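Novice: Supplied in structure tokens, the structure appears directly below.
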Amino acid sequence: GDSVTQMEGPVTLSEEAFLTINCTYTATGYPSLFWYVQYPGEGLQLLLKATKADDKGSNKGFEATYRKETTSFHLEKGSVQVSDSAVYFCALSPNTGGFKTIFGAGTRLFVKA
Amino acid sequence: EAEVAQSPRYKITEKSQAVAFWCDPISGHATLYWYRQILGQGPELLVQFQDESVVDDSQLPKDRFSAERLKGVDSTLKIQPAELGDSAMYLCASTQTGTDQETQYFGPGTRLLVL
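For the protein sequence lines, the chains are A and B, in the order given. According to my numbering, the first sequence is numbered sequentially starting from 180. According to my numbering, the second sequence is numbered sequentially starting from 16.
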């Protein structure tokens with residue numbers, strides 16, 4: 180079945196460091212891909228998304244490119260801030276009707292000042 | 016900005032007791048989802064509603080879990096009897112009708128601890 184695999188955390192970085200969180204997926208057809216972020220004590224919120232191959236989603240300095248050839252959607256940010264500390268979830272929606280979303284296990288990011 | 020409301024935010028109960036969680040989606044969102052998020056894992060879908068109808072409850076443990084959305088607006092998720100393994104965060108989400116039906120809007124969740 181459809182699934183999402185993302186790198187295990189926690190990831191600990193110093194402020195202004197470069198961030199990459201790897202995400203790969205397994206799906207039939209052409210799913211839409213998402214990154215959601217969960218700050219402490221809150222629900223998930225959409226960070227960015229891409230709906231077709233080679234699309235780049237971007238928001239708040241984060242970006243990810245839909246790579247169908249490698250079935251990947253890696254999250255990157257050039258310079259992280261302490262306020263980026265959160266759990267990041269990669270997800271897919273199979274586009275087979277019903278708009279079901281399948282989430283990865285999440286990657287916790289700690290950014291030190 | 017419209018938000019998904021959930022209550023209570025925290026619930027502590029003893030095993031074998033009954034618990035209920037409430038969710039009010041963003042106004043006008045026809046599709047509502049209940050997820051369970053075990054600590055350190057991603058959300059897993061329990062049940063999906065389209066208006067008042069269940070679209071997908073294949074992962075709902077129906078011997079102890081029930082969900083309803085009688086008027087197609089707010090929803091209640093019930094567990095009876097609760098078990099130790101039910102300790103988790105229960106998240107509600109909704110999606111809009113029309114454009115961008117894939118983006119899920121989440122509430123803050125209800126954290127359940129079963130003792």
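All residues carry an ideal CB built from backbone N, CA and C; glycine is no exception. Treat the numbers as computed from the prediction; the structure is a model and nothing was measured.
#1: Under DSSP, the beta strand (DSSP E) around B:E59 begins and ends at which residues?
#2: For chain A, is any of its Cβ atoms less than 8 Å away from the one on B:L127?
#3: From A:L212, A:G208, A:V261, pick the residue whose C-alpha is nearest to that of A:F268; which is it?
#4: In chain order, what residues of the same chain lie with their CB nearer than 7 Å to the CB of B:E67, ignoring the 5 residues before and after it?
#5: Check whether the Cβ atoms of B:W49 and B:V34 lie closer than 8 Å to each other.
#6: From this set, B:A17, B:L54, B:L60, which residue's C-alpha is nearest B:C107's C-alpha?
#7: Name the residue from B:E29, B:L92, B:M104, B:G124 whose alpha carbon lies nearest to the alpha carbon of B:L130.
#8: Hey, could you find the ends of the beta strand (DSSP E) A:S272 is sitting in?
#9: Is the number of C-beta pairs between the region 245-258 of chain A and the region 215-235 of chain A that are closer than 8 Å three or more?
#10: Would you report the Cα separation of B:Q116 and B:T110, rounded to the nearest angstrom?
#11: Could you tell me which of B:G57, B:L47, B:V70, B:S31 sits nearest to B:S90, measuring between CA atoms?
#12: When the Cα atoms are used, what is the spatial distance from B:V70 to B:Q56?
#13: Chain A partners of B:F36, CB-CB under 8 Å?
#14: Cβ of A:E221 less than 8 Å from any chain E Cβ?
Specialist: Answer, in terms of the structure:
#1: 59-65
#2: B:L127 does not count as touching chain A.
#3: A:L212
#4: The beta carbon of B:E67 sits closer than 7 Å to the beta carbons of R84, L85, K86, G87 from its chain, once the five residues preceding and following it are set aside; these are given in chain order.
#5: no
#6: B:L60
#7: B:E29
#8: Looking at the DSSP string, the run of the beta strand (DSSP E) that includes A:S272 is 265-272.
#9: yes
#10: 6 Å
#11: B:L47
#12: Rounded to whole angstroms, B:V70 and B:Q56 show a C-alpha spacing of 24 Å.
#13: None at all; the shortest Cβ gap to chain A is about 13 Å.
#14: No chain E appears in the structure shown, which is made up of the protein chains A and B.
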